[in-house]
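Asks: Can you read through this structure? Questions will come right after.
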Amino acid sequence: MDITNRLLVTIPAAATPEERLNHLRQAIFAALEDGTLTVAELQALREARVALGISALQARTLRAEVYHAALLRAQEDDRLSSEELETLNQILLFFNTLRDER
235 MDITNRLLVT IPAAATPEER LNHLRQAIFA ALEDGTLTVA ELQALREARV ALGISALQAR
295 TLRAEVYHAA LLRAQEDDRL SSEELETLNQ ILLFFNTLRD ER
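Just so we're on the same page, the working numbering is the position in the sequence shown counted from 1, plus 234.
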């Protein structure tokens, strides 16, 4: 089951906007668990955000928290590898390219 389906299966229909944002946060951290963000994971996160009814502006409130957590994880060995740098760039790309559906 992909990340979008896992996220949407666990969210109650009457979830508040804050609960929906928390579900998106959890999905992002789950996608980052292996230290990378694949193209498929990025697309699934974009789809999950839309399905959850979270605006691009609301989702961007998670940007600093997610980036900071990923940066701390990357610095655990006191060096930043090219793969870790790519993941950090993917996080920024994800948040900076979010657009609301019209």
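The C-beta atom is built at its ideal place from N, Cα and C for all residues, glycine as well.
Report back the beta-carbon spacing between L271 and I325 to the nearest angstrom; my notes put them in contact at under 8 Å.
Replies: Going by Cβ atoms, the distance from L271 to I325 rounds to 7 Å, so yes, they are a contact pair.
Asks: Please report the straight-line C-alpha distance between L261 and E317, rounded to a whole angstrom.
Replies: This sequence places Ala at residue 261; Leu is not what is there. Answer to the nearest angstrom: the Cα atoms are 21 Å apart.
Asks: Within 10 angstroms of its Cβ, does R283 collect 16 or more other Cβ (buried), or is it exposed?
Replies: R283 is buried by the Cβ-count criterion.
Asks: By Cβ distance, which residues of its chain are closer than 8 Å to R254, with the 5 residues on each side in sequence left out?
Replies: Cβ within range, chain order: I245, L286, G287, I288.
Asks: Pop quiz: L322 and L306 are said to be a contact at Cβ under 8 Å. What is the actual Cβ separation, rounded to whole angstroms?
Replies: Not a contact, Cβ separation roughly 11 Å.
Asks: By Cβ distance below 8 Å, which residues in the same chain neighbour R333 in space, the five residues on each side in sequence not counted?
Replies: These residues qualify, in order along the chain: A290.
Asks: Are there 16 or more other CB atoms within 10 angstroms of the CB of E248, so buried, or fewer, so exposed?
Replies: One point to set straight first is that residue 248 is Ala, not Glu, in the sequence displayed. That one is exposed.
Asks: Going by beta carbon distance, what residues of the same chain come within less than 8 Å of S315, once the five residues before and after it are set aside?
Replies: Excluding positions up to five away in sequence, the list reads A308.
Asks: As a quick exercise: from A278, P251, R313, H257, pick the residue whose alpha carbon is nearest that of F328.
Replies: With distances taken between Cα atoms, F328 lies closest to A278.
Asks: Counting C-beta neighbours from all protein chains within 10 Å, is the total for H257 16 or more, i.e. buried, or is it exposed?
Replies: Buried.
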